[in-house]
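A short worksheet on the structure shown next.
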Amino acid sequence: MKYLFILLLLFPVTCLAQFKISGRVINATDGKPVPDASVFLNNETIGTKSAGDGTFILSNLNTGQHDLTVSVIGYEVYHQTLMVKTDLVLPDIKLLPKTTMLGEVKIELDPRREKKLKEFTQQFLGSSGYARQCEIVNPDVLTLKYNRDGNVLTGSSDDFLEINNNALGYKLKYLITRFVVDRNENKLIYEGAVLFEELDGNDNQVKQWKSNRMKVYYGSPTHFLREILADRVDSGYSVETKKIISSYVTVKGFTGNKSTSRTALQPADYVHRTDTAGIFALGYNTPLEVYYKPRKARGKAANTHPQYATIGFIDPYLYFDGNGTILNPMGVVFNYAWGNSRVAQLLPIDYWPNEN
């Protein structure tokens, strides 16, 4: 992708026109329709099942990039990235049957299963108050393995891992393709596709879910990116970069004295247009420090400093669309407030708070 390094102070706010996509799911081998396939948009609340003739319709899509996912038992999971600007009629989606090895099936008890599941749950859901209100309904779909020295836990799911988030009012159906906890490198990675469904609740529960969702949303990466696009980022956020300045003084064998210099940045310093309409790039030559002023930090800095997060760049740029959706999540590293968030604090990307 080429970039047009045009620094802008104002970007167009996302157009919230509603579109639909339709298509048909078939077997790639014989061309027959595949009924009852889960067809959904990753990390959103939009999903359906294919009909008896394999057809489907997804409605109420916002403008922007969406990750279409199709899953059904016996077939490989299908992914397609779509840029939605109008109604779309897709070519037939051809699912590849899974190849299975026939032979003796051995069922063995895993004496470390409980330990693995406990570590998975802590890392995947997190340790927040929201995590304590989450319930994994079907942990049996998880395959979890330790490496030889027990310092690396890997996992995946054979089917949708169902999670009831009773703090935010969602049922999450998560297809986990890769999960890694590496204690040697202090690294956590999880990849997959997730569909959100609304939980049923009484009036008091719905009110509490609405409040909790707004608490999670404000100050989040999605909120930050949307505020950039709406030209409101300076009203709630401040962005800085820190440069280490080394001045060395040698006195009787002692060497070294380091100081830091902080520079406040404007959106024009770190946000750029690309040559793809509706896609933006965020990047800088050093990590960015993001402060969310309406919320206080936790821990030792509580009540004295605002919420603090950092953005480190693995790729040269973080790409995002007009909905505030990050398009290359593996190309960026969040730390502190944003780095501590886990699945228990995950909102669908089509969530917008009722600010009225």
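Residues in the sequence shown are numbered from 72 upward in steps of one, following the working numbering. Glycine residues also receive a C-beta, built at the ideal position from the N, C-alpha and C atoms.
C-alpha gap between residue i and residue j, whole angstroms
i	j	result
A335	V404	21 Å
V493	K258	Shown here, the chain extends from 72 to 427; a query on residue 493 therefore has no answer.
S291	W409	7 Å
S282	Y201	13 Å
I385	Y355	11 Å
G197	A415	7 Å
E147	T248	11 Å
D158	G94	11 Å
E256	N222	9 Å
T192	L417	15 Å
I382	D163	40 Å
A348	S199	38 Å
D101	T170	15 Å
Y407	K165	42 Å
A238	N411	17 Å
A352	N273	42 Å
V252	Q194	8 Å
Y341	Q151	30 Å
L296	I92	26 Å
N236	P168	32 Å
V310	N98	50 Å
D107	Q378	45 Å
F111	D211	23 Å
Beta-carbon separation (whole angstroms), residue i vs residue j, contact threshold 8 Å
i	j	result
I207	L224	With a Cβ gap of about 16 Å, I207 and L224 do not count as contacting.
V361	Y308	6 Å
L270	Y241	6 Å
F267	P419	4 Å
N425	N133	In fact, because the Cβ distance is near 16 Å, the residues do not count as touching under 8 Å.
Secondary structure of residue i, DSSP reduced to three states
i	result
P210	helix
K156	coil
L418	coil
P104	strand
R431	The structure shown has nothing for residue 431, since the chain only spans 72 to 427.
Q136	strand
K186	helix
F231	coil
T248	strand
L129	strand
P168	strand
Q89	coil
T192	helix
G393	coil
G402	helix
A380	strand
Y149	strand
E175	Per-residue confidence for E175 stands at a pLDDT of 48, beneath the threshold of 50, marking its modelled position as unreliable; no derived number is given.
L112	strand
N218	coil
G226	strand
Short CB-CB distance (under 8 Å) between residue i and chain D
i	result
Q416	Of the protein chains in this structure there is only one, and it is not chain D.
Sufficient close CB pairs (3 or more, under 8 Å) joining the segment 358-371 to the segment 286-303: Yes, since at least three Cβ pairs between the segment 358-371 and the segment 286-303 fall closer than 8 Å, the two stretches touch.
Cβ contact check for the segment 115-128 and the segment 186-194: 3 or more pairs under 8 Å: Not touching, per the Cβ criterion.
Inter-stretch contact at 8 Å, needing at least 3 Cβ pairs: the segment 297-307 / the segment 251-265: No contact exists between the segment 297-307 and the segment 251-265.
Contained alpha helix (DSSP H) runs [length at least 4] in the segment 253-332, N- to C-terminal order: The qualifying runs are 274-288, 292-300, 304-307.
Three CB pairs or more closer than 8 Å across the segment 272-286 and the segment 227-234: Touching, no, given that fewer than three Cβ pairs across the two stretches are closer than 8 Å.
Segments of 4+ residues assigned as alpha helix (DSSP H) that fall wholly inside the segment 330-374: Look at the segment 330-374 and you find these whole runs of alpha helix (DSSP H), each 4 residues long or longer: 338-341.
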